[in-house]
Each structure stands twice: as structure tokens, then as C-alpha cells.
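Residues 0 to 79 (numbering that gives the first Met the number 0) make up the sequence shown, in order.
Notes for the one structure printed next.
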Amino acid sequence: MVETVGDVVTNLMSKVFETYGVDCPICGKPLLRPQILNKRTGQKMAGACPSCGYMEDINHREIPDNKALTASAHKNEALG
Numbered sequence: 000m001v002e003t004v005g006d007v008v009t010n011l012m013s014k015v016f017e018t019y020g021v022d023c024p025i026c027g028k029p030l031l032r033p034q035i036l037n038k039r040t041g042q043k044m045a046g047a048c049p050s051c052g053y054m055e056d057i058n059h060r061e062i063p064d065n066k067a068l069t070a071s072a073h074k075n076e077a078l079g
């Protein structure tokens, strides 16, 4: 069974990261976040897009809706 490098990386990422029902406001692919909890806060960590590099706000308290994600993406894009 020959696996490509992409398959190996995808398998490793699925063991460490999880999707949680939020799509990237820039490219539309699912955001990923670590499966483990933050050691300091005991909460789930912010997500990021492996395709385009978009990162959620670290201080999020709930899963944002598409409107909030779009506003955050525009803000990040404007700030550079």
C-alpha cells in the first residue's frame, strides 16, 4: 500500500486536529482546531484554516456565525 505524502499528512492532522462545523470566511474550507483543551483555560482553542492561513480570534467564547467570521476576516485583511 503506497501512500502519498499528502495522505500521510492528512492522516496525522486528523489525529491531532478536529473540525467543528465552522467554515473559513475567506476560502470556505472547514476550520480546524486542536482536539486537546487549553491547559490554562480548560476550553477548546481557536481554529485556523490550513488552506489559506485564516486564524480565529483567540478570545472567542462561542462558535461564531458566518456574519461574525466575515467581519473578523475583513478586519484581519484590513490590518494586514
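Note that CB positions come from ideal geometry on N, CA and C, so glycine has one too.
Candidates the options: closest to residue i by CA position
{"i": "Pro-49", "options": "Lys-66, Pro-33, Thr-40", "result": "Pro-33"}
{"i": "Asn-58", "options": "Ser-71, Gly-52, Lys-66, Asn-65", "result": "Ser-71"}
{"i": "His-73", "options": "Val-8, Thr-18, Pro-24", "result": "Pro-24"}
{"i": "Gly-46", "options": "Pro-63, Glu-76, Thr-40", "result": "Pro-63"}
Exposure label - residue i; buried when at least 16 CB within 10 Å
{"i": "Val-21", "result": "buried"}
{"i": "Gly-52", "result": "exposed"}
{"i": "Gly-5", "result": "exposed"}
{"i": "Glu-55", "result": "buried"}
{"i": "Leu-11", "result": "exposed"}
Spatial neighbours of residue i in its chain, beta-carbon cut-off 6 Å, leaving aside the 5 residues before and after
{"i": "Met-44", "result": "Arg-32, Pro-33, Asn-37"}
Proximal residues to residue i (C-beta, below 8 Å), its chain only, five neighbours per side dropped
{"i": "Leu-78", "result": "none"}
Residues that residue i bridges to, as DSSP identifies them
{"i": "Leu-11", "result": "Partner(s): none; Leu-11 has no beta bridge."}
{"i": "Asp-22", "result": "Pro-29"}
{"i": "Met-54", "result": "Ala-47"}
{"i": "Glu-17", "result": "Arg-32"}
Same chain, Cβ closer than 7 Å to residue i, neighbours up to 5 away in sequence not counted
{"i": "Phe-16", "result": "Leu-31, Arg-32, Pro-33, Gln-34"}
Residue i (DSSP reduced to helix, strand or coil)
{"i": "Lys-83", "result": "A question about residue 83 goes unanswered here, because the residues of the chain that appear run from 0 up to 79."}
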